[in-house]
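Numbering (our numbering), first residue to last: 15 to 129.
A virtual CB, placed ideally from N, CA and C, is assigned to each residue, including glycine.
Below is one structure; the comments refer to it alone.
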Amino acid sequence: AELLAPVRGAGLGVIVFTGYDFEEAADVDGFDRLWPMIDTLVDGRFDARRPELRRRFLGSTNQRLVHRTDRYRDPALWLGERIAELQVARDGTLRMLGAPSLVRAGVRALQRAAP
Numbered sequence: 015a016e017l018l019a020p021v022r023g024a025g026l027g028v029i030v031f032t033g034y035d036f037e038e039a040a041d042v043d044g045f046d047r048l049w050p051m052i053d054t055l056v057d058g059r060f061d062a063r064r065p066e067l068r069r070r071f072l073g074s075t076n077q078r079l080v081h082r083t084d085r086y087r088d089p090a091l092w093l094g095e096r097i098a099e100l101q102v103a104r105d106g107t108l109r110m111l112g113a114p115s116l117v118r119a120g121v122r123a124l125q126r127a128a129p
């Protein structure tokens, strides 16, 4: 919760991916301090046998969106083409996030391009 206070103070939105069902997450120590800082919580464990093909940012169909605020409630925000994102840290570290199949393809492409 301490990490999210400045984010909320800057007016930015917060989406949290837990890997837990909401009911399990709510039982974790400190969740009561975290929940007021969250706009949307994505719950549920990733299940590779149930790939999510319609909703972006979610990995599998068993995952739910739990909206505490209206900021990300619009279903249109979650529908569309699956994407992958490449992040470059200040120290040059690369990190790829997104749809698992796209991340794997991106990693292979980066490996082929490496000297």
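Own chain residues within Cβ distance below 7 Å of residue i, not counting five before or after
| i | result |
| --- | --- |
| residue 86 | 27, 29, 53 and 54 |
| residue 47 | 15 |
Residues sharing a beta bridge with residue i, DSSP
| i | result |
| --- | --- |
| residue 31 | 56 |
| residue 80 | 55 |
| residue 65 | 74 |
| residue 112 | 98 |
Proximity of residue i and residue j at Cβ, strictly below 9 Å
| i | j | result |
| --- | --- | --- |
| residue 39 | residue 61 | no |
| residue 73 | residue 113 | yes |
| residue 59 | residue 75 | no |
| residue 111 | residue 101 | yes |
| residue 129 | residue 82 | no |
Residue from the options with nearest C-alpha to residue i
| i | options | result |
| --- | --- | --- |
| residue 44 | 17, 21, 91 and 24 | 17 |
| residue 77 | 106, 84, 36 and 22 | 36 |
Worksheet item: Would the segment 68 to 79 and the segment 94 to 103 be scored as touching if the rule is three or more Cβ pairs under 8 Å?
Response: yes
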